[in-house]
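Residue numbers for the sequence shown follow the working numbering, so the first one is 37 and each next one is one higher.
For glycine and all other residues, C-beta sits at the position ideal for the given N, C-alpha and C.
For reference, the structure is listed below as structure tokens.
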Amino acid sequence: MLTVRRPAGIDPEITLKVLQEKECHSIAKPLVVGSYIDLELTREQLGVSVRLNRTERIEDGMFTYGVIDVLDIGEAGKGVASTVSMMDAF
Numbered sequence: 037m038l039t040v041r042r043p044a045g046i047d048p049e050i051t052l053k054v055l056q057e058k059e060c061h062s063i064a065k066p067l068v069v070g071s072y073i074d075l076e077l078t079r080e081q082l083g084v085s086v087r088l089n090r091t092e093r094i095e096d097g098m099f100t101y102g103v104i105d106v107l108d109i110g111e112a113g114k115g116v117a118s119t120v121s122m123m124d125a126f
């Protein structure tokens with residue numbers, strides 16, 4: 037688990053850059069739990085070409101290369117955003 041936007045965590049910039057790599061999707065089924073708005077704003081600022089898929093349930097994730105699934109926790113800046121491996125979820 038990678039914690040995003042917390043004092044001891046990893047910034048969304050790093051999360052997005054790592055999850056755009058094909059290798060990441062070949063070894064895990066990543067799911068970002070966090071603010072979709074925060075991640076979308078960061079994605080636009082970086083010019084990252086991957087698509088964000090906002091989900092409300094884990095089973096709605098696409099878990100495919102080129103798409104980053106985001107289990108949205110709501111408003112920007114609230115809550116804890118993290119990246120978790122869903123390798124065993126299916």
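The C-beta of K65 has 16 or more other C-beta atoms within 10 Å across all chains shown, which makes the residue buried. With a beta-carbon spacing of about 5 angstroms, V86 and I104 fall inside the 8 angstroms limit used to define contacts. Non-local C-beta neighbours of G102 in its own chain, meaning closer than 7 angstroms and more than five positions away in sequence, comprise V86 and R87, ordered along the chain. Membership of D74 in the alpha helix (DSSP H) is indicated by the continuous run Y72 to L82. Per DSSP, the unbroken alpha helix (DSSP H) holding T51 starts and ends at P48 to L55.
Rounded to the nearest whole angstrom, the CA to CA distance from I109 to E59 is 27 angstroms.
Each residue's CA atom was taken as its position, placing T100 and E57 some 11 angstroms apart.
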